[in-house]
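Here's the structure we're looking at; comments come further down.
Number of protein chains: 2
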Amino acid sequence: MARAATTSDAFNAIAEPQRREILVLLRDGERPVTELAQDLGMTQPQASKHLRVLREVGLVRVRGVGKQRLYGLDARGLRPLHEWLGGFERFWGESFDRLDEYLQELKQARRESA
Amino acid sequence: MARAATTSDAFNAIAEPQRREILVLLRDGERPVTELAQDLGMTQPQASKHLRVLREVGLVRVRGVGKQRLYGLDARGLRPLHEWLGGFERFWGESFDRLDEYLQELKQARRESA
DNA sequence: CAATCATATGCCCATATAGGCATGTGTCAA
DNA sequence: TTGACACATGCCTATATGGGCATATGATTG
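These protein sequence lines map, in sequence, to chains A and B. For reference, each letter of the first sequence is one residue, going 7 to 120 in this note's numbering. For reference, each letter of the second sequence is one residue, going 7 to 120 in this note's numbering.
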């Protein structure tokens, strides 16, 4: 079996860096496809495809305005990520700043196994 | 070009549901491969492969103890995720509770039309 | 209707995947 | 040394991908 589809959920959708950048741009408001493509230095078809994925997982929504299609962020789609990550909150302080301690543990482990 | 490797970063690594479950299990402490495999209903080779990916992106670390290899969570690997997601924090309240607001609006609209 | 601008799709390709299964490697005990 | 146990790797296959490019679809204007 292959990898799960990028459209299967938000986790898979945001695994692609360019799609994350699109979401970041959209934090500041709605944007048409071409602008996004330019800002991110990608072709228009590429942008459209990425936006399709984001739309399918509910991370962005579209709105037709004249010839244009304005894409906007729908942050509710990030909720699963937020919740999953929240389960690890108790490690934030503990693990991020304690590189030293971790190194100590490593040394000790090595001593024990020696 | 194909999709980025699962080992390219934490984002890609946790796109796979089973790998996320492994990390959840490891929150409670170190575990040997076979136990993880059993708990998650997967074969031992599958577990080993997932663990390899997680190790390559720095989400878990291993420690040999006798015949066993104890895998432990390294939450520092989640930092990029945490930080990226943090950029959307201002949307949490706004968008997540939208449903409530929407329901309020509905009620009010109904009252007004009654 | 025709022309034009803004997007979306379709097609081709190379690549990395996850699963299934067999087998290699490493460690300990007798 | 030989087993036995715990784990890692190798190989195979089907599949979905992202990029490049051409082209179809939609909406607007003259």
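Yeah, the Cβ is synthetic: ideal placement off N, Cα and C, and Gly gets one too.
Among the options, which one has its Cα closest to the Cα of residue i?
i                    : options                   : result
residue 16 (chain A) : A:62, A:97, A:95 and A:50 : A:62
residue 13 (chain B) : A:12, A:21 and A:10       : A:21
residue 19 (chain A) : A:40, A:55, A:43 and A:42 : A:55
residue 29 (chain A) : A:81, A:98 and A:99       : A:81
residue 23 (chain A) : B:36, B:9, B:23 and B:26  : B:9
residue 57 (chain B) : B:98, B:99 and B:40       : B:40
How should residue i be labelled, buried or exposed, when 16 other C-beta atoms within 10 angstroms of its C-beta is the threshold for buried?
i                    : result
residue 4 (chain A)  : Nothing about residue 4 (chain A) can be read from this structure; chain A reaches only from 7 to 120.
residue 67 (chain B) : buried
residue 96 (chain A) : exposed
residue 59 (chain B) : buried
residue 83 (chain B) : buried
residue 69 (chain A) : exposed
Considering only residues of the same chain and omitting the five flanking positions on each side of residue i, which have a CB-CB separation below 7 Å?
i                     : result
residue 38 (chain A)  : 74, 75 and 76
residue 120 (chain A) : With a pLDDT of only 31 at residue 120 (chain A), under 50, the local geometry of the prediction cannot be trusted, and the value read off the model is given with reservation. Correct list: empty, nothing qualifies.
residue 32 (chain B)  : 66, 77, 78 and 79
residue 11 (chain A)  : 18
residue 109 (chain B) : Residue confidence is low: residue 109 (chain B) scores 42 on pLDDT, short of 50, so the model does not pin down where it sits. Its coordinate-derived value is still stated next. Around residue 109 (chain B): no qualifying Cβ.
residue 71 (chain A)  : none
Are there any heavy atoms of the ligand PLP lying less than 7 Å away from the beta-carbon of residue i, as far as the coordinates show?
i                    : result
residue 28 (chain B) : As far as ligands go, the structure on display features none, and thus does not contain the ligand PLP.
Considering only residues of the same chain and omitting the five flanking positions on each side of residue i, which have a CB-CB separation below 8 Å?
i                    : result
residue 86 (chain B) : 15, 16 and 17
residue 64 (chain B) : 16, 80, 82 and 83
residue 26 (chain B) : 20
residue 36 (chain A) : 69, 76, 77 and 78
residue 99 (chain B) : none
Give every residue of the same chain whose Cβ lies closer than 6 Å to the Cβ of residue i, excluding the five residues on either side of it in the sequence, and list them in chain order.
i                    : result
residue 43 (chain B) : 50 and 53
residue 7 (chain A)  : none
At least three beta-carbon pairs within less than 8 Å, the stretch 90-98 of chain A to the stretch 44-59 of chain A: Cβ pair count under 8 Å is below three, so no.
Contained alpha helix (DSSP H) runs [length at least 4] in the stretch 58-82 of chain A, N- to C-terminal order: The stretch 58-82 of chain A contains no whole alpha helix (DSSP H) run of 4 or more residues.
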